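Engineer: Sharing a structure here in structure tokens format.
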Amino acid sequence: MLLEVKDLSVHYGVIQALKGVSLQVEEGEIVSLIGANGAGKTTLLQTISGLLKKSGGDILFMGKSLNKANAKHIVKAGITQVPEGRHIFPEMSVYENLLMGAYLRKDKDGIKKDLEMVYQRFPRLKDRLSQDASTLSGGEQQMLAMGRALMARPKILLLDEPSMGLAPILVKEIFSIIKDINAQGTTILLVEQNAKMALSIADRAYVMETGNIVMCGSGEELAHSEEIQKAYLGG
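The UniProt record's numbering applies: residue 1 is where the sequence shown begins, and numbers increase by one.
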């Protein structure tokens, strides 16, 4: 098992945001996490990334507990997050943003090779390397955030709402890129409001409601579930 979340609890003061959440991601999978706003999906990703402290439970990565690991060690171990809202560095160039993704690496040749890989995957970024990142469109900023994350050579990529605020044609493009990244060997844990798209590419999926996992199954099973169609797919 690549990533295992066991009975995870997180509190914001007196409010319990995660109430004993458990999920698993196997190597090579795309696992989607769907649910309404405020269900706890982002909290879960941020806790896995070491950005939030848990109040109970455990997170295992490649069989080892991340209990004592800080955010930097977690990136080093192979977990990288593309945050909701992209969070690129607006005053820096596209090229500098990409290099920030490799800040823990020392292998210059490997970094050079990975930059080429990012340019191939996101040709639009290559055309804009010297531009300030703030001048990019929303779709290009999302590509930059994903490219930057790939520069860390993650074993698993945590994607938080990659389609948010994008035009439908760009949403299709971003999802096709996610599938491609996965086909090249990177495991994906995807949090996404667009339940239809999220389930269409998922090997497995979980549904979250108010800090709990309430359903899980294959992407196909959940897409065809009457309950899910009513709640999330407008069926």
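No residue lacks a Cβ here, since even glycine has one placed at the ideal position from N, Cα and C.
Note that this is a predicted model, so its numbers are computed, not measured.
Is it the case that the Cβ atoms of residue 66 and residue 160 are separated by a distance below 8 Å?
Structural biologist: no
Engineer: Along the chain, where does the alpha helix (DSSP H) that runs through residue 150 open and close?
Structural biologist: 138-150 is the extent of the alpha helix (DSSP H) around residue 150.
Engineer: So what's residue 89 in DSSP terms, helix, strand or just coil?
Structural biologist: coil
Engineer: On the premise that residue 70 lies in contact with residue 50, defined as a C-beta separation below 8 Å, what is that separation, rounded to the nearest angstrom?
Structural biologist: 6 Å
Engineer: Which residues bound the alpha helix (DSSP H) around residue 28?
Structural biologist: Premise fails: residue 28 is in no alpha helix (DSSP H) and is neither H nor E.
Engineer: Enumerated in chain order, which unbroken segments of the alpha helix (DSSP H) with a length of 4 residues or greater are wholly contained in the segment 92-125?
Structural biologist: 94-100, 108-121
Engineer: Within this structure, are the beta carbons of residue 162 and residue 192 separated by less than 8 Å?
Structural biologist: yes
Engineer: Of the choices 174, 130, 18, 188, whose alpha-carbon is the least far from that of residue 155?
Structural biologist: From the listed residues 174, 130, 18, 188, the smallest Cα separation to residue 155 is found for 188.
Engineer: Once DSSP output is grouped into helix, strand and coil, what is the label at residue 75?
Structural biologist: helix
Engineer: Determine, using beta carbons only, whether residue 223 and residue 190 come nearer to each other than 8 Å.
Structural biologist: no
Engineer: Can you list, in chain order, the residues of its chain with a C-beta nearer than 7 Å to that of residue 75? Leave out the 5 residues immediately preceding and following it.
Structural biologist: 104, 152
Engineer: Going by DSSP, what residues sit across from residue 9 in a beta bridge?
Structural biologist: 19, 56
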